[in-house]
Each structure stands twice: as structure tokens, then as C-alpha cells.
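Protein sequence lines, in the order shown, are assigned to chains C and H. Each position in the first sequence, counted from 1, maps to that position plus 1 in my numbering. Each position in the second sequence, counted from 1, maps to that position plus 1 in my numbering. For every residue, glycine included, the Cβ atom is placed at its ideal position computed from N, Cα and C.
Protein chains: 2
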Amino acid sequence: MTRRPPLQPPPTTEARSPARRITMETVGRMAGVSQVTVSRALSDPSKVSPETLSRIQEAIAATGFVPNALAGALASKKSMLISALVPSITNIVYSGMLATFSAELRARGYQILLSETGFDREDEAATVEAHLSRRPDAMLLTGVHHADRTRRMLLGAGVPVVEVWDITDTPIDLCVGFSHPEAGRAMAEYARAKGYRRAAFITAGDERALRRGAAFAERFAQAGGEGPVPIRGDAPASLAGGRALTAALLDEGFADGDGAIIAASSDVLAEGALIELAARGLAVPGRVAVMGFGDQEMAAALSPTLTTVRVNRDALGRAAAQALLTRIGGAAPERQVIDVGFALVDRESA
Amino acid sequence: MTRRPPLQPPPTTEARSPARRITMETVGRMAGVSQVTVSRALSDPSKVSPETLSRIQEAIAATGFVPNALAGALASKKSMLISALVPSITNIVYSGMLATFSAELRARGYQILLSETGFDREDEAATVEAHLSRRPDAMLLTGVHHADRTRRMLLGAGVPVVEVWDITDTPIDLCVGFSHPEAGRAMAEYARAKGYRRAAFITAGDERALRRGAAFAERFAQAGGEGPVPIRGDAPASLAGGRALTAALLDEGFADGDGAIIAASSDVLAEGALIELAARGLAVPGRVAVMGFGDQEMAAALSPTLTTVRVNRDALGRAAAQALLTRIGGAAPERQVIDVGFALVDRESA
DNA sequence: CACGAAGATGAAAGCGCATACATAGAAACG
DNA sequence: CGTTTCTATGTATGCGCTTTCATCTTCGTG
């Protein structure tokens, strides 16, 4: 027979007072066992006799008991929480990676504490501190350049960390990404190989995009292209931004001669470029070629289809999750730094 | 004079053992005060004398102490955690809303526990339970149709809840969204008003999209359009999906006569439709018109520009955050249900 | 049939903080 | 000056778990 608490007033919208707190103690009393036994029933049912187990399960069902993970984490020093910091969740390159990362970890019982940090290092440091206060079992950081304080906090906390979406020889702990300068150079070499003589790079303002741009510009000139290659842009990537940057280039006569190519730091900017070029009746790639970066879904669907650079976001998210899981498990991952690389995708626009 | 722990071995990558745990006790000893005083110094510095405060701050800086929010939450019964469940974080309609929602709450010191639930109610229930175990101070749920168990758990936990992106007369607690049937009807009325006689609805498989489609189909016929209106699609929204669904319609002769319009459950599907129509050389809106839903950035940039329905994601995220904050503050929000509405955006494609 | 092993359970301690209550000294007041 | 009122601090307690460690049965085995 199940003891029931006295009738509660129905939950009003005025003051939704939570019912009397149910704890393992409550459940245990109802099932005629002690609190520890309830704990064991939940964490390792094999340690409890079948009859006891079923009585406990009944009591749980009857009370609607949900264990308090805060208390559990405090006692066990395992929070089953993974913290993730990305510059922007509305940007598919990050949200795509995150989706895989989270799915992988959720399957192992972890939950994700997520924050957007923009592209500011001090904001990031503050967010890292806030996240550390929840004692996450591991942390994902985007990029490899952080405030000193961030690095110190992380090292001091001894939390497994994976830095993603970039690569470095001196990771805080683990690192899964690819080389942005190399990606920029690969784009430049592709452009030169295709015979384009004049190039411009339109870019978002974030540091990784700028490094791709700088590497692109340098290599394009080295490889015999006209230099210096103009690099334009400093705002977040948007279609409107891509159009505007392209319009400015065109107004300056960028496409007046032959063999011009516009390389963009993202597919979105590249799409903006295509739109502006179409609006002006300039043939792509005949009059001006365009390359993007990221290989979003629309790249293959645009007209002309967009030549771009593919980064396997799923692989990245999965590798990051695996690396952290290994580290949490106490083992040293075979490699601290994993380069997932990138691939040039040759389509119509360049 | 500051006591220092004996020299630690440098953090190796082999076994990154966390330094000896620093607690308020540690910090207090170093500053010559008790643990409570440290706690007070952090939660309400005005309760501590200036000299003591600065000694404590020094000790904190010297040790790199980061308070344990788990312990704090357990003791105070306030976790400063907000749980958010969305079907998909890679979908801009949800991630856009989330970005605003999180920013608003982060500004008040809350952090966001995020999970993707797909469109499955049982998954959602499991995720809700997992989130409840962290004792969030409030929870955001997408949609208004949930498993019974979900509703019971939430009511039992007495957590403030806001359901977003839909509207209902019987919210679990709070609700901020708009009416999907009304949105579907508005699209139908717009299409009829523009003189289109034949319509099809291409859609993603989620329940809200399907309700818009059903309402569209019904109203379109009611308003004198040809019926029945075909409704096609059951996969997640993608460009490729939009193309394929459109191709199928066209192959069936959908656009053989005059006055045809394809309404889509999302801008992405609509863009797919535009691409397929362009590939077939069919003029939009001359031969076939197209309407989208969502008013994503690309809608205004496509060619032709996309007629669509705008939902103010920022306003939605902000209203949801505000409603929860009010509720957390203990006050009854002036309205339990907030309809943020939607707006038809008349552009070139229809 | 005595004895150790294995199985099932409980008692106690403590994770790191916030909260309530207590205390000591200083300032205010008539 | 005695009494009240702050101000600054400390002590004690407990939030709800996990983790030892201890206890009590129940078997298996030579």
C-alpha cells in the first residue's frame, strides 16, 4: 500500500509551489529500505535484490521522484556535464559541429552546457569561469587563441579540454581542427591553377577568417598572381555583407579586366557575391569567378554551383567528443592534436 | 604572508591531475577569515568590511578559486540554470530564437542547459527528466504538444515553464508563440487574393508545419481555390528536399495550367522550389508562384525575392525570457499566453 | 558441521556551499 | 553611562546525494 501525501492544492498559476520535496529518503521509506539502497538501485541495480528493486521502482513511479543531479555531482565529483563555448550558435558551421558533438555525448549520459562567446577573448574568459563553476567533466572551446587567464583557469582546474575548429602545436589539452592558413593557401593555389590572375578576398571579421584571407593573399601573389590581393570585410558573415563587399570591389573596377576571382571567407558571403554579380549581369565564372568556404547545403544548389572548401563538421564534432571521452576515461588519447583537414570542392563558380 | 601549497608537478598531458581542491575554506584560511565570510564577500560584498574584502580578493586571485556552483545550488535551491529544449539547433528558426533567449538570461546571470529533442515526444520526455535532475530554475520547451508524462513531471516539479513557437489555451505554465493554423490560413488568403487558383503545399514532416499545411489547404479551397490542395513532404527541411518535392509536383502536371502557386512550410523548401523552377526555365511568379515561411535572410536576396511569412524570432526569445524571469521572481506574469503573431511579407515570388 | 565467501543492506561521513542564528564590539541616544 | 542598534564576523546545520566501512544472512565446501 502506497502512502500518499495529503492532498495538495491544485497547482495554481499564481504560486506554483513545488510539492513537498521528494528525495531518496522519501522513496526509501516508502519502499521500506534506507536511502543508500535507493541510490544503489538507481546506479547499479544488480547490487539490490530483485524484490527490493521492484518495490523501489514502484515507489519512484508513485512519487515521481527525479534524482537530484546537483547533489549527486557534489558527492561524486562527476557532474556528467560538458561545457561548450562557440562563437555563434546561429552559424551553421558551429551549430552543425555542435549537433554531432552533443549527440555523441548525450548518448553516453552527458549533458551540454552551452554558451555563445562571440569573438571576444575577455567575454570568453568570463564565460569559461562561469562554466567552470559548474564543474563540468570536460570543456569544448572554439579556436586556439585565448586570453591568458582562460588558459590558466583551465590548466588550474585540470579539466579535459578540446579546442576545435583550428589547430595548434601548443593546445591547452586536446585539439581537433584544421589549419586555416593552409586552407587559404589551398584556395589560392586552386585559383592560380585555374588560371585566374587577379583576386580579392571578402571576409567576415573573425580571426580565423582573417588568417585564411592573409594566407590566401600571400600565396596567390607568390604563385604568380597579381598582388597585392585586396582583403575586405570585418562584419559577421551575411548575404547582404557579401553583396556589399562585392559591389564595392566592382565599383572600384576590380572586374574590369579578365581573369578575376573573388574568394570569400564563407559560403554565405560567396552567395552574396553571386547575387550581386547576377544583379549586374556579370557572368560567373566567365567574367568573375567566385569561391566560398564551408560547403553548406546551398553551395551545391546555387546557380552556378559554388566552388568551395569542405570541412567535415560531423567528423570534427565526433572526433572532439571521442577525444574528450577518452580523456575523461583517464586514458591518454593516442594523439593530442587531430587534423581533420579540408577538401576543395570543384564546382562551376570557379 | 600567503601560505602556498608545496610545489605541484607541472600539469602533464599524461594525467592532468587537478590541483588540490580550493574551497571557500581554503580561501578563508588564507585571508584569515572563516568560510562564511568568503561566501558573503562573493554574494554581497557590502556585508564585509573593505579591508577583509580586499584580503579575500587577494586570496582568491592567488589561488585561482572558482566557487562551486553545484554546492551553491544544492544549499540555496537556486541553480541559476535554465533548461532549453529545441527540436534542432541547426535550424535557424530555433537557433535564432535561442540566441536572443540566452543572451537575455545570461545577462541576468543564468546559464543555459541545451538539448535537441528532434520531433519525438518520448525523446522529449526523457530529456525533460534528465534536465529536471539538474534542478533548473526554469525551462523552455518548443511546441505545445507533449507526452503526458512530460506534463506531469513538469507540473510535479513546479518549475516555471515557457512553451514557445506555438500557442494554446492550456499551457503547462507560460506560452509565447503564434497560431500555426492561422499562419496557414493567412498564406491561403494571400494566395487567393493574388488570384492564384491552384495550390500545393510542400512541407517538412514536423507537426507544426503539417498544421500550417492543413490549414492552408482547407482555407484555400474554402476561399474558392481548386481543391483538394496536395500536401507533400515528410522529411526535415532542406534545399534538396524542396527541389525534389517541387520536381514531383511538376512531373505530375501541377503547373500545366495557369495560376499555380507552391506554398512551402519553410523558406529553405521554398528556395529549393525556386531552384527547381529556374532549372526548368519556368518563370516565377509568371508560370508558378512560390511562398515561403520564416523570412530568413536569404528570402530577400533570392531572385526573385521570396514572398514569405515573418516570425519575429528575437521578440519571441525575448518575451519567453522575460516571462520566465517574471515567474522566477515570484510574480504572476500579466499574461500566461502571449501571441507574438506573424506578418506576411509581400515580395516578388508570389 | 564449522568456516570463509558472497550477497544484501545499513550507518556514517562528507562533498562545498548558503542560511539561520549567535556573538562581540562599535556607534547612537537619551 | 546604561541601553539599544548596527556592523562585522563566526558557529552550526543541512541541502541530497555517493562512498567507504560495517553488519548480518545465506550458502557452498571440505
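query, result
"Compare the C-beta of residue 69 of chain H against all C-beta atoms of chain C and say whether one is closer than 9 Å.", "yes"
"Starting from the Cα of residue 298 of chain C, find the closest Cα among H/244, H/178, H/198 and H/256 and give me that residue.", "H/244"
"Do the stretch 187-198 of chain C and the stretch 325-333 of chain C meet, that is, are 3 or more Cβ pairs less than 8 Å apart?", "no"
"By alpha-carbon positions, which one of H/71, H/41 and H/224 ends up nearest to residue 75 of chain C?", "H/71"
"Taking CB distances under 9 Å as the criterion, tell me whether residue 273 of chain C reaches chain H.", "yes"
"Would you check if the distance between the CB atom of residue 254 of chain C and the CB atom of residue 265 of chain C is smaller than 9 Å?", "no"
"What's the C-alpha gap between residue 335 of chain C and residue 159 of chain C?", "19 Å"
"For residue 36 of chain H, return the contacting residues in chain C, with the cut-off set at a CB-CB distance below 8 Å.", "Here the premise fails: no neighbours, minimum Cβ distance about 16 Å."
"Which of the three DSSP states is assigned to residue 1 of chain C in this structure?", "In the structure as shown, chain C starts at 2 and stops at 351, and residue 1 of chain C therefore has no counterpart that could be examined."
"Name the chain C residues whose beta carbon is nearer than 7 Å to that of residue 299 of chain H?", "240"
"Assess, as a yes-or-no matter, whether the stretch 169-185 of chain C is touched by the stretch 133-146 of chain C under the definition of 3 or more beta carbon pairs within less than 8 Å.", "yes"
"Could you give the DSSP three-state label for residue 17 of chain H: helix, strand or coil?", "Low local confidence applies: a pLDDT of 42 at residue 17 of chain H is under 50, so the model's placement there is unreliable, and no value is given."
"At the level of alpha carbons, what is the spacing between residue 271 of chain H and residue 277 of chain C?", "21 Å"
"Ignoring anything shorter than 3 residues or poking outside the stretch 183-243 of chain H, list the beta strand (DSSP E) runs there in chain order.", "199-203"
"In angstroms, rounded to a whole number, what distance separates the CA positions of residue 128 of chain C and residue 66 of chain H?", "15 Å"
"Judging by CA-CA distance, which residue of H/83, H/167, H/302 and H/117 is the nearest neighbour of residue 339 of chain H?", "H/167"
"At a Cβ threshold of 9 Å, is residue 323 of chain H touching chain C?", "no"
"With a 10 Å radius around its C-beta and 16 neighbouring C-beta atoms as the bar for buried, classify residue 73 of chain H as buried or exposed.", "buried"
"For residue 345 of chain H, decide whether its Cβ has a neighbour in chain C, counting only Cβ atoms nearer than 9 Å.", "no"
"Between residue 283 of chain C and the rest of its own chain, which residues show a CB-CB distance below 7 Å, the 5 nearest in sequence each way excluded?", "256 and 289"
"Out of H/58, H/292, H/161 and H/69, state which residue places its alpha-carbon closest to the alpha-carbon of residue 333 of chain H.", "H/161"
"Go through its chain and collect everything with a Cβ distance to residue 79 of chain H's Cβ below 7 Å, but skip five positions before and after it.", "138"
"Going by C-alpha to C-alpha distance, which of C/114, C/303, C/196 and C/180 sits closest to residue 359 of chain H?", "Past the edges of chain H, shown from 2 to 351, lies residue 359 of chain H, and the structure says nothing about it."
"Can you give the Cα-Cα distance for residue 214 of chain C and residue 225 of chain H, rounded to whole angstroms?", "56 Å"
"Using a Cβ cut-off of 8 Å, pull out every chain C residue sitting near residue 75 of chain H, in sequence order please.", "69, 71, 72 and 75"
"When you compare the CB positions of residue 269 of chain C and residue 295 of chain C, do they come within less than 9 Å of one another, or not?", "yes"
"What span of residues does the beta strand (DSSP E) with residue 139 of chain H cover, start to end?", "139-143"
"Any beta carbon of chain H sitting closer than 9 Å to that of residue 283 of chain C?", "no"
"So the beta strand (DSSP E) residue 98 of chain H belongs to, where does it begin and stop?", "Looking at the DSSP string, residue 98 of chain H is not in any beta strand (DSSP E); the run it does join, the alpha helix (DSSP H), is 93-107."
"For the structure I just gave you, are there three or more beta carbon pairs, one from the stretch 110-124 of chain C and one from the stretch 118-127 of chain H, closer than 8 Å?", "no"
"Name, going along the chain, the residues of the stretch 84-101 of chain H whose beta-carbon falls closer than 8 Å to a beta-carbon of chain C.", "89, 90, 91, 93, 96, 97, 99 and 100"
"Of all Cβ atoms in chain C, is any one closer than 9 Å to the Cβ of residue 58 of chain H?", "no"
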